[in-house]
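Peer 1: Take this structure, written in structure tokens, and hold onto it; I'll ask about it next.
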Amino acid sequence: MSDPTDPIDPFPTQAHPPVSPFPPLDEPVAADPSSDWIGAADAHDLPTRENALVALGRFAFPPAPALDEEGEASRARRWTSQTLFVACAFLMIFNAESLQNWARQQPPGWGQSTVDKLATVWVDQLALLGANLPVDGLRDAWRDAQAVQFDGAAEDRS
Amino acid sequence: MLFPTLAFAVFFLFVYLVSWSLDRENGRRKLFLLLASWFFYAQWDWRFVGLLIASAVLNWGVAALIVRSDQEKRRKLWVGLGVAANLVILGFFKYYGFFVEQVVDLLSQFGWERDLPLLQVVLPVGISFFTFQGVSYVVDVYRGKTAPAESLLDVMLLMSFFPHLVAGPIVRASDLLPQFARVPRLTREMATHGLLLIVWGLFKKTVIASELATRLVDPVFFDPSAYGAIDIAAAVYAYAVQIYCDFSAYSDMAIGIAALLGYSFPRNFDQPYRAASMQAFWRRWHISLSSWLRDYLYVPLGGGRKGLWSSCLNVMITMLLGGLWHGAAWTFVAWGALHGGAQVVERLGRALVKDRKVIPTWLGVLITFHVVCLGWILFRAETFDLAMQMLAGLGRFEGFSLVTPFVLVLIVGGLAMHWLPPRAVEGLVERLKTAPSPTLGVLIGAAILLVEAMRPEGVAPFIYFQF
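Read top to bottom, the protein sequences are chains A and B. The first sequence maps to residues 1 to 158 in my numbering. The second sequence maps to residues 1001 to 1467 in my numbering.
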């Protein structure tokens, strides 16, 4: 068996742990303090100097305070009303014919004839722009689907 | 004034704008909604607005007397009188002619011909719904389940509120009165939910239900002898889809309209043809009626407290009366008997196998659906003769004339919607509620345009209006 400290033995055959140059500890070492490293931190989040114009803007137009319950409800009502308005406008353009049909089903009178005439002009003008084409196309396709029959279907006997 | 009409759309937009412009004063807002509801009801027959008012005054008065009485005996007397008065109103308008006819028939069988006073009583639209609401209010106040309304205005609005007035859902006082206590708060979620339910209801009613009714159901049920088994079977399945799409569409639109005005109504349908038993079916179909029957009829009769046979008897009585509630005809009683009988068989079967699961769920769904379809034949047929002709026709194998690919797609589509995710609309609401208003407006407009392109001319009244 070779001796690793033997300077004469150039190829030691058994590994030995190196001898520590420090004396053994008598007391256990205290654990490291917990890290203050924030994993999700981004260098861009670090405070920087605020743009002077932005600061001035904030001073001149301070942000509104958070909405209370009534404020939220009021905003929701406005949003709903806008949604309804857009939907109605959309239908007035692309489904103008239904207004005309409805007017023609009402009992005759001054109001009915006024609405009918206005609706007729409205429908004709929109037809010039082709606003009736989507609904007419859909209706034709739907009617074609309705007309398909099975082979061997008999005539209706009712 | 039907929901899927332009006249109603104009009416609703007016009510929406004015009611929210009155949001600073709850009393005025409720008064406006009440007047709008009476106007809506008067479009059918203005004379019955008086009946609506009288019924509300009656229930408000009885509830006040119950609250003021300190003796239990007197409270019982008032609640009994209140329930009886409601039933007298319902009985006179809905069942007078029916019972007089039965009495005349019975007497003539004993050779005792008598001319009893037959009256042509016009049935007020929605009377079954608002009288049941009145009964539930009086009984709930008696039981202490709900506080009496703050004012007569609240009771009047509870019973007359136009979204649920003519065909439900039966909204109880405990659901609606607390909402009347202050001006409701509209949220984006409520508004989106309301809009989607209205569009979905329009599609179900005006496309699926109307097309199936005109192309298949009405001709076959009118003269079953002219059709073979395929047409008749298809018509029965089509009617199952039609009545679901018709009635659930009304409920969806009612819930949606109320939501846009800031009020929340309970859900009335929950994919009923998915039910694997008749008991489960009634937990999913017309939930507001089935829970009403459970709380105000089945439970007071004794429910399941006195053992199996007693519970079977109580179910049978409840379903028979539930059938009669739908209409004054023996076919409706037979329909109720079929549902009651099927539930009794289920209860006995469960007791026999000690609640073990003996058939797979899919088979339970299939059997339940076909029992329900059998019931729909009785429900839809004008007479027993026609119902028997429908059943006899199911054995007559010959060609078909009314079944087309289009009709089949509607039937399959109407059934397939039961296997959508159970809260599909709510899921869509979560996605759409954050959309900008122009985007949602265009989407809603495009969806209505699509429905408009597909719907047939004209709109038939909802099936449940007759009840």
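Even for Gly, the Cβ is constructed at its ideal location relative to N, Cα and C. Since the structure is predicted, the reported quantities are computational estimates derived from the model, not experimental observations.
Tell me whether Val1353(B) is buried or exposed, calling it buried when 16 or more other Cβ atoms sit within 10 Å of its Cβ.
Peer 2: So Val1353(B) counts as exposed.
Peer 1: How would you list, in chain order, the residues of chain B whose beta-carbon sits under 9 angstroms from the beta-carbon of Val123(A)?
Peer 2: Going along chain B, no residue has its Cβ under 9 angstroms from Val123(A), so there is no contact; the nearest lies around 14 angstroms.
Peer 1: Measuring alpha carbon to alpha carbon, tell me which residue in Leu1157(B), Trp1046(B), Ile1170(B) is nearest Val1122(B).
Peer 2: For Val1122(B), the nearest C-alpha among the options comes from Trp1046(B).
Peer 1: Quick one: which residues of the stretch 1450-1461 of chain B get their C-beta closer than 7 angstroms to a C-beta of chain A? List them in chain order.
Peer 2: Result list: Leu1450, Glu1452, Ala1453, Met1454.
Peer 1: If you draw a straight line from the C-alpha of Val1358(B) to the C-alpha of Val1365(B), how long is it?
Peer 2: Cα-Cα distance, rounded: 13 angstroms.
Peer 1: Can you list the alpha helix (DSSP H) stretches of 4 or more residues lying completely in the stretch 1342-1387 of chain B, in chain order?
Peer 2: Whole alpha helix (DSSP H) segments, 4+ residues: 1361-1380.
Peer 1: Return no unless some Cβ of chain B is closer than 8 angstroms to the Cβ of Asn95(A).
Peer 2: Yes - at least one Cβ of chain B is within 8 angstroms of the one on Asn95(A).
Peer 1: Which of helix, strand or coil does DSSP assign to His1418(B)?
Peer 2: Here His1418(B) sits in helix by DSSP.
Peer 1: Look up Phe1161(B) in the DSSP assignment and say whether it is helix, strand or coil.
Peer 2: In the structure shown, Phe1161(B) sits in coil (DSSP, three-state: anything other than H, G, I, E or B).
Peer 1: Could you tell me the distance, in whole angstroms, from the CA atom of Gly1327(B) to the CA atom of Lys1094(B)?
Peer 2: About 8 angstroms.
Peer 1: Which residue from Ile1367(B), Leu1106(B), Leu1313(B), Ala1392(B) puts its Cα closest to that of Gly1301(B)?
Peer 2: The sequence shown places Leu at residue 1301(B), rather than the Gly named in the question. It is Leu1313(B).
Peer 1: Below 7 angstroms on C-beta distance, what does Arg77(A) contact in chain B?
Peer 2: The answer, in chain order, is Trp1020, Leu1186.
Peer 1: Chain A beta carbons: is any one of them nearer than 8 angstroms to that of Ile1482(B)?
Peer 2: Here chain B has residues from 1001 to 1467 only, and residue 1482(B) is not among them.
Peer 1: Decide if Thr1439(B) is buried, meaning its Cβ has at least 16 other Cβ atoms within 10 Å, or exposed.
Peer 2: Flag for Thr1439(B) reads exposed.
Peer 1: Is the separation between the beta-carbon of Ala127(A) and that of Phe94(A) shorter than 8 angstroms?
Peer 2: Against a cut-off of 8 angstroms, the Cβ pair of Phe94(A) and Ala127(A) comes out as no contact.
Peer 1: Under 9 angstroms between beta-carbons, which chain C residues line up against Ser98(A)? List them in chain order, please.
Peer 2: Going by chain labels, chain C is absent from the structure shown, which instead holds the protein chains A and B.
Peer 1: Select from Thr1368(B), Ala1435(B), Pro1405(B), Pro1004(B) the residue whose C-alpha is nearest the C-alpha of Leu1197(B).
Peer 2: That would be Pro1004(B), whose Cα lies nearest to the Cα of Leu1197(B).
Peer 1: If I follow the unbroken alpha helix (DSSP H) through Ala1191(B), where does it start and stop?
Peer 2: Counting along the chain, the alpha helix (DSSP H) containing Ala1191(B) begins and ends at 1188-1202.
Peer 1: Answer with yes or no whether the minimum CB distance from Thr83(A) to chain B is below 8 angstroms.
Peer 2: Thr83(A) counts as touching chain B.
Peer 1: Let's test the definition: count the other Cβ atoms within 10 Å of the Cβ of Phe1493(B) and tell me whether it reaches 16, buried, or not, exposed.
Peer 2: Nothing about residue 1493(B) can be read from this structure; chain B reaches only from 1001 to 1467.
Peer 1: Should Ala1329(B) be counted as a contact of the ligand PLP given a C-beta to heavy atom distance under 7 angstroms?
Peer 2: The ligand content of the structure shown is nil, which means the ligand PLP is not present either.
Peer 1: Please list, in chain order, all residues of the same chain as Arg1455(B) whose beta carbon is under 6 angstroms from its beta carbon, the five residues on each side excluded.
Peer 2: So the list reads Thr1206, Val1207, once near-sequence residues are dropped.
Peer 1: Tell me the rounded alpha-carbon separation between Trp1038(B) and Val54(A).
Peer 2: Roughly 57 angstroms between the two C-alpha positions.
Peer 1: Distance, Cα to Cα, Arg75(A) vs Thr1187(B)?
Peer 2: Computed Cα separation, rounded: 9 angstroms.
Peer 1: Could you spell out the range, first to last residue, of the alpha helix (DSSP H) harbouring Arg78(A)?
Peer 2: Run containing Arg78(A): 69-94, per the alpha helix (DSSP H) assignment.
Peer 1: Work out the CA separation of Val1199(B) and Gln1271(B) for me, nearest whole Å.
Peer 2: If I take the Cα positions, the gap works out to 18 angstroms.
Peer 1: Using a 10 Å radius around the Cβ and a threshold of 16 neighbouring Cβ atoms, would you call Met1(A) buried or exposed?
Peer 2: Here the model assigns Met1(A) a pLDDT of 46, short of 50, so the residue's position is not dependable and the matter cannot be decided.
Peer 1: State the DSSP-derived secondary structure class of Ser158(A), mapped to helix, strand or coil.
Peer 2: For Ser158(A), the predicted model reports a pLDDT of 48, less than 50, meaning its position is unreliable; a value from the coordinates is still stated below. It is coil, neither helix nor strand.
Peer 1: CB-CB under 8 angstroms to Ser158(A), same chain, minus the five flanking residues each way: which ones, in chain order?
Peer 2: Because Ser158(A) carries a pLDDT of 48, less than 50, the predicted location of this residue cannot be relied on, and the following value inherits that uncertainty. Nothing listed; no residue qualifies.
Peer 1: Using a 10 Å radius around the Cβ and a threshold of 16 neighbouring Cβ atoms, would you call Met1388(B) buried or exposed?
Peer 2: Exposed: under 16 other Cβ atoms inside 10 Å.
Peer 1: With a Cβ-Cβ cutoff of 8 angstroms, do Ala1453(B) and Val148(A) count as a contact?
Peer 2: Their beta carbons are not under 8 angstroms apart, which means Ala1453(B) does not touch Val148(A) by this criterion.
Peer 1: Using a 10 Å radius around the Cβ and a threshold of 16 neighbouring Cβ atoms, would you call Leu1090(B) buried or exposed?
Peer 2: Per the 10 Å Cβ criterion, buried.
Peer 1: When you compare the CB of Leu118(A) with every CB in chain B, is at least one pair closer than 8 angstroms?
Peer 2: It does not: the Cβ of Leu118(A) has no partner Cβ on chain B nearer than 8 angstroms.
Peer 1: Hey, out of Gly1168(B), Val1345(B), Ala1234(B), Leu1320(B), whose CA is closest to Arg1267(B)'s CA?
Peer 2: Ranking Gly1168(B), Val1345(B), Ala1234(B), Leu1320(B) by Cα distance to Arg1267(B) puts Gly1168(B) first.
Peer 1: Which residues in chain B have a C-beta closer than 7 angstroms to the C-beta of Leu91(A)? List them in chain order.
Peer 2: Here the neighbours are Gly1445, Ile1448, Leu1449.
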